[in-house]
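> Sharing a structure below in structure tokens format, with a few things to ask.
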Amino acid sequence: MRLNKKHDFPGKLIVVEGVDGSGKSTQLDLLRNWLISRGQSVIFTEWNSSRLISKTIKQAKRSNSLIPNTFSLLHATDFADRLENIIIPALKAGLVVLADRYCFTAFARDVARGVDREWVRNLYGFSVRPDGAFYFQVPIEVSLARIANSRMPGYYESGMDMGLSSDPMQSFQIFQSRIINEYNQMVDEYGFYTMPATQAIHEQQVLFREHATKILNLT
Ligand SMILES: Nc1ncnc2c1ncn2[C@@H]1O[C@H](COP(=O)(O)OP(=O)(O)OP(=O)(O)O)[C@@H](O)[C@H]1O
Ligand SMILES: [Mg+2]
38 MRLNKKHDFP GKLIVVEGVD GSGKSTQLDL LRNWLISRGQ SVIFTEWNSS
88 RLISKTIKQA KRSNSLIPNT FSLLHATDFA DRLENIIIPA LKAGLVVLAD
138 RYCFTAFARD VARGVDREWV RNLYGFSVRP DGAFYFQVPI EVSLARIANS
188 RMPGYYESGM DMGLSSDPMQ SFQIFQSRII NEYNQMVDEY GFYTMPATQA
238 IHEQQVLFRE HATKILNLT
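Taking my numbering, the leading residue of the sequence shown gets 38, the next gets one more, and so forth.
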């Protein structure tokens with residue numbers, strides 16, 4: 038499986054993972070601007086964003102007609118499309134690829150929905166192994182509080198499709214706790230760098246830059 042061995046493209050792949058509201062996009066955005074200011078050629082890609090499939094995923098969510106495995110297949114299609122058309126060409130061209138969520142999001146969310154751990158890992162076995170995978174670790178209360186500042190957690194984000202609880206907040210807590218549990222188990226499995234995501238934004242950015250500097254061999 039490609040995911041299990043180091044790639045030999047000239048570019049570098051850095052990914053961020055963690056529950057909703059853990060601060061991934063905030064940190065990746067700051068890192069991206071910093072890398073660009075240092076003259077790096079950077080390309081950004083995010084989960085569930087391929088034009089090919091995102092409409093289908095939205096429709097499927099609206100009709101609530103899919104079982105977890107078919108959902109997983111749709112997200113894998115989105116991912117495969119972006120991998121082949123964005124990520125790999127950029128890595129071949131020697132660029133820095135920043136991915137806001139990667140296959141580990143599927144490993145966490147789909148298993149939290151009851152999909153078999155090995156099945157989903159095999160499904161995404163074509164993924165390129167990242168040069169750096171950063172896991173933003175926060176307690177559920179912190180991520181919920183951050184999200185609640187700006188929006189209500191979504192139906193799927195709260196795992197409401199699984200009938201865990203009729204109370205959206207309670208459902209969010211149960212579902213996101215399962216996701217955190219899956220992420221925690223992946224720290225050793227995939228060598229995640231754990232970001233102390235409860236710290237202040239600038240403190241985390243210092244750590245993020247330090248590690249990115251090493252990964253990208255910047256001086
Ligand atoms: N270290 C921090 N301390 C306090 N608030 C933060 C911190 N980092 C991010 N936030 C705020 O928390 C909210 C969620 O952050 P952000 O959008 O970066 O999370 P995310 O992990 O990308 O979430 P999602 O998975 O939903 O995209 C934002 O309003 C952001 O400004
Ligand atoms: Mg985000």
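Glycine residues also receive a C-beta, built at the ideal position from the N, C-alpha and C atoms. From a predicted model like this one, the values you see are computed outputs, not experimental measurements.
Kindly give me the distance between the Cβ atoms of residue 212 and residue 195, rounded to whole angstroms, as I take these residues to be in contact under 8 Å.
For the purposes of this step, residue 212 is taken as the residue at position 175 of the sequence shown. For the purposes of this step, residue 195 is taken as the residue at position 158 of the sequence shown. Contact flag correct, Cβ pair sits at about 6 Å.
> Excluding five sequence neighbours on each side, which residues of the same chain lie with their C-beta closer than 7 Å to the C-beta of residue 162?
Stepping through the sequence shown from its first residue, residue 162 is reached at position 125. So the qualifying residues of the chain are 38, 39 and 40.
> Would you mind sorting residue 49 into buried or exposed? The rule is 16 or more other CB atoms within 10 Å of its CB.
On the sequence shown, position 12 is the one that residue 49 refers to. By the 10 Å Cβ count, residue 49 comes out buried.
> Considering residue 81, what are the terminal residues of the alpha helix (DSSP H) in which it resides?
As a working mapping, residue 81 is identified with position 44 in the sequence shown. Careful: residue 81 lies outside any alpha helix (DSSP H), inside the beta strand (DSSP E) at 79 to 83.
> Relative to the C-alpha of residue 55, which candidate in 79, 174 and 241 has its C-alpha closest?
Here residue 55 corresponds to residue number 18 of the sequence shown, with the count starting at 1. For the residues 79, 174 and 241, the minimum Cα distance to residue 55 belongs to 174.
> Does DSSP classify residue 130 as helix, strand or coil?
Reading the sequence shown from its first residue, position 93 is the one you call residue 130. Of the three classes helix, strand and coil, the one that applies to residue 130 here is coil, per DSSP.
> Does the beta carbon of residue 118 fall short of 7 Å from some heavy atom of ligand 2?
Indexing the sequence shown from 1 puts residue 118 at position 81. Answer for residue 118: no, Cβ out of range of ligand 2.
> Hey, which residues come within less than 5 Å of ligand 1, measuring from Cβ to any heavy atom, in chain order?
57, 58, 59, 60, 61, 62, 63, 183 and 238
> On the three-state DSSP scale, how would you describe residue 53?
Within the sequence shown, numbered from 1, the residue matching residue 53 stands at position 16. Looking at residue 53 - three-state DSSP - the assignment turns out to be strand.
> If you measure between the beta carbons of residue 82 and residue 111, is that distance less than 8 Å?
By one-based count along the sequence shown, residue 82 stands at place 45. By one-based count along the sequence shown, residue 111 stands at place 74. Cβ atoms of residue 82 and residue 111: not closer than 8 Å.
> For a test of your reading of the model: does the CB of residue 153 fall under 7 Å from any non-hydrogen atom of ligand 2? Yes or no.
As a working mapping, residue 153 is identified with position 116 in the sequence shown. Checking the Cβ of residue 153 against ligand 2 gives no.
> Sort out for me which residues DSSP pairs residue 232 with in a bridge.
Indexing the sequence shown from 1 puts residue 232 at position 195. Answer by DSSP bridge pairing, in chain order: 173.
> Could you give the residue range of the alpha helix (DSSP H) that holds residue 252?
Start at 1 with the first residue of the sequence shown, and residue 252 comes out as number 215. Element bounds for residue 252: 238 to 252.
> Since residue 232 contacts residue 139 with CB under 8 Å, what's their CB separation in whole angstroms?
Numbered from 1 along the sequence shown, position 195 holds the residue referred to as residue 232. Numbered from 1 along the sequence shown, position 102 holds the residue referred to as residue 139. 15 Å between Cβ atoms; not a contact.
> Thinking residue 60 and residue 105 are a contact (beta carbons under 8 Å), I'd like their distance in whole angstroms, please.
Numbered from 1 along the sequence shown, position 23 holds the residue referred to as residue 60. Numbered from 1 along the sequence shown, position 68 holds the residue referred to as residue 105. Wrong, their Cβ atoms sit about 27 Å apart, outside the cutoff.
> For residue 197, is the classification buried or exposed, using 16 other Cβ atoms within 10 angstroms of its Cβ as the cut-off for buried?
Position 160 of the sequence shown, counting from 1, holds the residue named residue 197. Residue 197 is buried by the Cβ-count criterion.
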